[in-house]
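Okay, so the sequence shown: first residue is 1 according to the UniProt record's numbering, each after it adds one.
Beta carbons are placed, not taken as given, at the ideal position from N, Cα and C, and that holds for glycine.
The structure appears right after this line, and notes come after that.
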Amino acid sequence: MNSTTSSNLSFLDCGPVYCEKFRMQVISIGVFAGSNPTQSTLPLLLLQLGLVSSIAGFLEFLFRPLGVPKHVTDILSGILLGPSGVGRNKKFFETLFAPKGAMVLDVYETICMILFSFFVGLRTDVKVIKRAGGLALTMGILCSLLPQIINAIVLRSLTKDIPDDSNLGHSLSVVAGLEGLINFHVVFLTLTDQKFVNTEVGRVALSSSMISGFFSWIMIILRRLVLDIVQGRTTLVIVNPVSRGLMLLCILYVIRPLMFWMITKTPEGKTLKQSYVCWMILMLFGIALYSEVNGMHHVFSSILLGLAVPDGSPLQSGLVNKLEGFVYGVFMPSFIMNVGRRVDIYKLERSLVGKVEVLVATSFLSKLAASLLASTFWDMALTDAFLIGLLVTCQGIFDIQFFTIAEKIESLSTECFTVMVIMAIVLPTIVRPIVAYIYNPSSQFRTAQKRGIHATKYNLEFKILACIHQEDTVPTLIDVLEASNPTRKSPIVAYVLDLVELVGQSIPLFISHKLKTSPSSRSNRTQRIITAFYHYELQNQGLVTVHCFTSVSPFETIHNDICLLALEKSTSLIILSQGMFTDSSIKEMNNNVLENAPCTVGILVDCKGLTESSAAVRPWLCFHVCLIFIGGPDDREALIYCSRMCEHANITLTIIHISEALPSELDLDAMDRFRDTNVYNNRVFYNSESVKEGTDTVRVLQSLNNIDCDLIVVGRKHDAQSSAMTGLADWGEKPPELGVIGDILVSPDIESKAAVMILQAHSSHQEHELLTPPLTPTKNLQYITTVDPDTELSKLRELNPELKVPS
1 MNSTTSSNLS FLDCGPVYCE KFRMQVISIG VFAGSNPTQS TLPLLLLQLG LVSSIAGFLE
61 FLFRPLGVPK HVTDILSGIL LGPSGVGRNK KFFETLFAPK GAMVLDVYET ICMILFSFFV
121 GLRTDVKVIK RAGGLALTMG ILCSLLPQII NAIVLRSLTK DIPDDSNLGH SLSVVAGLEG
181 LINFHVVFLT LTDQKFVNTE VGRVALSSSM ISGFFSWIMI ILRRLVLDIV QGRTTLVIVN
241 PVSRGLMLLC ILYVIRPLMF WMITKTPEGK TLKQSYVCWM ILMLFGIALY SEVNGMHHVF
301 SSILLGLAVP DGSPLQSGLV NKLEGFVYGV FMPSFIMNVG RRVDIYKLER SLVGKVEVLV
361 ATSFLSKLAA SLLASTFWDM ALTDAFLIGL LVTCQGIFDI QFFTIAEKIE SLSTECFTVM
421 VIMAIVLPTI VRPIVAYIYN PSSQFRTAQK RGIHATKYNL EFKILACIHQ EDTVPTLIDV
481 LEASNPTRKS PIVAYVLDLV ELVGQSIPLF ISHKLKTSPS SRSNRTQRII TAFYHYELQN
541 QGLVTVHCFT SVSPFETIHN DICLLALEKS TSLIILSQGM FTDSSIKEMN NNVLENAPCT
601 VGILVDCKGL TESSAAVRPW LCFHVCLIFI GGPDDREALI YCSRMCEHAN ITLTIIHISE
661 ALPSELDLDA MDRFRDTNVY NNRVFYNSES VKEGTDTVRV LQSLNNIDCD LIVVGRKHDA
721 QSSAMTGLAD WGEKPPELGV IGDILVSPDI ESKAAVMILQ AHSSHQEHEL LTPPLTPTKN
781 LQYITTVDPD TELSKLRELN PELKVPS
């Protein structure tokens with residue numbers, strides 16, 4: 001081999017390189033024909049992937065109760081098969097990692113790195129940097145600069161006795177640079193696993209990590225450019241920026257318009273065509289090849305192409321859905337195998353391990369210090385800053401990918417690589433349980449000031465947070481808002497939150513929409529929802545104010561957005577609208593909101609679906625509400641809500657009081673006050689039903705089939721020991737998100753097509769019961785402070801002979 005060829009291949013740093021014809025068979029003819037399957041490419045590859053996947057799955061199952069991250073068990077499986085584990089057996093290692101088989105494994109690893117890097121870019125939303133506040137910007141820059149500065153100082157001390165041309169000194173400088181980096185993708189995966197991704201701490205951590213990452217890579221590019229200038233590489237100074245600029249222009253003005261064309265050709269709600277996926281893969285490999293030819297690693301070009309994919313588009317979600325499982329199931333094990341093949345703990349020297357660990361510890365502490373320092377400038381709680389510092393110190397597969405690149409290109413020694421990989425699986429294993437123990441995102445909601453419908457005074461704004469995840473429920477939701485009786489003295493402020501499940505997009509989004517401008521003609525789900533509420537606000541100017549938001553987040557954590565918005569806006573009621581049929585993720589979301597909400601929660605079940613009865617499209621003439629009152633804090637909250645409703649001139653209210661032999665004093669007091677308030681309201685009807693057991697209660701509920709009503713309101717929880725609930729404990733789900741009575745009302749046993757509102761009072765209201773709810777007298781009616789029972793009954797019968805009152 002000539003000197004030129006040798007110099008071109010020296011970057012592999014894997015010893016002497018010999019060229020020979022590749023004679024390895026692809027398919028084995030079988031052991032019974034005398035063939036060794038491990039001498040054939042395909043059987044050996046399947047053996048490698050099967051072994052590492054099986055061990056990784058077993059380790060994940062074994063360590064799952066301890067909360068060990070998945071990437072830790074994946075890398076451990078590779079290490080166990082490598083020279084640090086069973087691969088220490090020479091025969092096993094030579095069989096599993098034969099040179100020709102390892103070559104195929106390297107090709108799979110390269111494909112994995114290209115696709116994985118593409119997914120990292122695909123899941124990254126650069127708009128986060130634009131939306132980031134001063135705290136995230138300060139923290140991001142400090143977390144990028146401080147570790148690099150301190151590492152440089154410590155590195156100078158560690159290498160003062162090492163010759164400048166030593167490979168060890170160069171390796172330690174690479175360690176110092178890589179350990180000072182913060183990778184946004186790793187922080188996002190950590191937050192997702194911990195379910196902190198859309199908390200306040202999570203948002204700051206995501207924004208600061210992305211800012212830190214971009215700032216670090218800009219510094220690396222500038223450093224490389226300065227080195228080329230200092231070393232007199234004038235050709236590279238000119239050619240490299242030009243070639244990379246051409247690649248960027250090609251992505252922005254050739255490939256990205258093609259992406260938009262693919263999106264326009266994909267109908268809303270339809271899956272991405274297979275041909276589009278193939279074209280995207282071809283363009284990805286083409287860009288990767290171009291970058292390698294021009295001296296830039298394929299990882300960076302793959303990330304750039306991923307960033308170019310429009311956020312939230314069907315192209316983005318389609319690529320993730322069609323490729324992610326294949327990449328993580330087939331190609332990722334090859335990467336894990338190659339990492340394990342390079343890790344050899346038996347070659348470590350104590351002095352070298354100590355130097356690398358000092359740099360790792362310095363990076364860890366400096367990132368913590370940077371987070372705490374930034375918090376002092378912006379009055380952030382030290383606990384939150386400490387948590388963010390812990391989160392940004394975590395490392396994962398993406399970091400190990402850069403360690404691998406550094407080992408090949410930057411001549412990072414195998415010993416340094418081994419220590420860095422081990423620390424990359426040790427630190428997250430320690431940090432994540434600490435974060436989970438310290439931080440409870442729901443604590444901010446539970447300690448909130450008690451609020452609810454009962455605490456809303458008649459002369460103040462009535463603030464409602466309306467959550468939508470099914471477009472068909474919008475008309476019924478608007479009807480309920482109108483039924484809540486907006487007036488000049490007590491107008492309604494509606495915060496409408498469109499809930500969109502996170503698919504393909506890495507960062508959860510929280511978008512505030514402008515409602516004051518005329519909606520565009522663009523037809524999509526969110527725009528149609530905004531348009532409906534825009535027209536509703538126009539019809540009720542001065543009475544209703546609407547603010548629209550969209551939350552794009554995993555449904556398992558989206559309750560954090562709901563509760564945080566309710567907390568910030570001081571809402572009295574959260575309405576969770578849903579159709580008759582919902583999946584488990586929606587039920588989990590509802591239960592999470594019920595558990596953590598800072599105010600009253602109402603689950604609105606639309607039994608009719610999309611109809612023409614929307615308040616947005618026709619005059620609101622009449623509305624019949626039926627209240628089921630059994631007793632308890634939730635039913636009393638429902639009674640207060642209906643008291644507000646029945647002040648509306650177009651609302652008729654029917655109360656069905658399911659009473660028992662020994663009613664609660666609080667229930668009697670609440671009902672008496674309601675009757676006193678509405679004594680002259682001839683649109684209120686009262687019906688008392690005495691029951692002895694649960695079957696009687698079901699019979700009363702079935703009588704609703706004979707009542708033509710639009711909305712049924714009931715409390716969620718009732719005393720399981722009361723006679724009205726006897727025998728109903730086994731009804732429905734456990735625990736029922738709608739409550740036992742709510743489950744019955746939406747079941748096929750009740751043929752009524754009325755929407756059902758199930759209310760749960762705020763937990764603090766249940767613990768500290770207010771004996772005097774802020775009910776207001778009906779307009780132009782005289783409020784009676786002292787009432788004689790006989791006089792009251794006679795007046796009621798004179799005003800309305802059909803009105804039923806308790807004797």
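For leucine 460, which residues from the same chain have a beta carbon less than 7 Å from its beta carbon, with the 5 sequence-adjacent residues on both sides left out? Ser490
Is the distance from the Cβ of cysteine 626 to the Cβ of cysteine 709 below 7 Å? yes
Please report the Cβ distance between glutamine 760 and aspartate 634, rounded to the nearest whole angstrom; I am assuming they are in contact, meaning their Cβ atoms lie under 8 Å. 5 Å
Would you report the Cα separation of cysteine 563 and valine 756, rounded to the nearest angstrom? 22 Å
If I'm right that leucine 359 touches leucine 172 with Cβ under 8 Å, what's the distance once you round it to whole angstroms? 7 Å
Buried versus exposed call for aspartate 749 [16 or more other C-beta atoms within 10 Å across all chains shown]: exposed
Between Ile129, Ile430, Ile111, which lies nearest to methionine 210 when the distance is taken from Cα to Cα? Ile129
Cross-strand partners of threonine 429 (DSSP beta bridge): Note: threonine 429 sits in no beta bridge, so no partner.
Of all the beta strand (DSSP E) runs that stay within the bounds of the stretch 669-719, which reach a length of 3 or more residues? 684-690, 711-715
May I ask you to list the residues that DSSP assigns as paired with histidine 657? Phe629, Ser688
Is DSSP giving histidine 547 helix, strand or coil here? strand
Does the Cβ of glutamate 179 have 16 or more other Cβ atoms within 10 Å, making it buried, or fewer, making it exposed? buried
May I ask which residues mark the beginning and end of the beta strand (DSSP E) holding serine 301? Note, serine 301: premise wrong, no beta strand (DSSP E); alpha helix (DSSP H) at 298-308.
Can you grab the Cα-Cα spacing for the pair glutamate 647 / glycine 742, in whole Å? 25 Å
Counting only runs that start and end within the stretch 190-230, where is the alpha helix (DSSP H) found for 4 or more residues in a row? 200-230
Endpoints, the alpha helix (DSSP H) within which lysine 90 is located: 90-96
For valine 601, the residue or residues it bridges with in DSSP: Ile574, Gln760
Let's test the definition: count the other Cβ atoms within 10 Å of the Cβ of isoleucine 574 and tell me whether it reaches 16, buried, or not, exposed. buried
Nearest-angstrom Cα separation, counted from tyrosine 680 out to valine 746: 33 Å
So which of Cys642, His657, Ile75, Asn706 has the shortest CA-CA distance to threonine 677? Cys642
Taking only three categories from DSSP, how would you classify leucine 465? strand
Tell me the residue span of the alpha helix (DSSP H) that contains glutamate 537. 525-539
Sort Asp696, Val175, Lys127, Ser144 by Cα distance to methionine 420 and report the nearest one. Val175
Does DSSP put glutamine 25 in a helix, in a strand, or in coil? strand
Decide if the stretch 199-219 is in contact with the stretch 451-467; the criterion is three or more beta carbon pairs, one per stretch, under 8 Å apart. no
Check this for me: beta carbons of proline 441 and threonine 652, under 7 Å apart or not? no
Locate the alpha helix (DSSP H) running through phenylalanine 364, then write down its first and last residues. 350-377
Can you name the start and end residues of the alpha helix (DSSP H) that serine 171 belongs to? 167-179
Is the stretch 346-354 close to the stretch 130-149, with three or more CB pairs under 8 Å? no
Close beta carbons around glutamine 578, own chain, < 8 Å, minus the five adjacent residues each side: His469, Gln470, Thr473, Ile586, Asn590, Ile603, Leu604, Val605, Asp606
Going along the chain, which residues of its own chain have a beta-carbon closer than 7 Å to the beta-carbon of aspartate 228, five neighbours each way excluded? Leu236, Val237
Residues in the same chain with beta-carbon distance under 6 Å from tyrosine 276, minus the five sequence neighbours each way, listed in chain order, please. Met262
So valine 293 is in the beta strand (DSSP E); what residue range does that whole segment cover? Counting along the chain, valine 293 falls outside any beta strand (DSSP E), though it belongs to the alpha helix (DSSP H) covering 274-293.
On the premise that serine 84 lies in contact with aspartate 399, defined as a C-beta separation below 8 Å, what is that separation, rounded to the nearest angstrom? The Cβ separation is near 19 Å, so there is no contact.
Between the CA atoms of alanine 98 and leucine 44 - distance to the nearest angstrom: 9 Å
Assess, as a yes-or-no matter, whether the stretch 332-340 is touched by the stretch 527-537 under the definition of 3 or more beta carbon pairs within less than 8 Å. no
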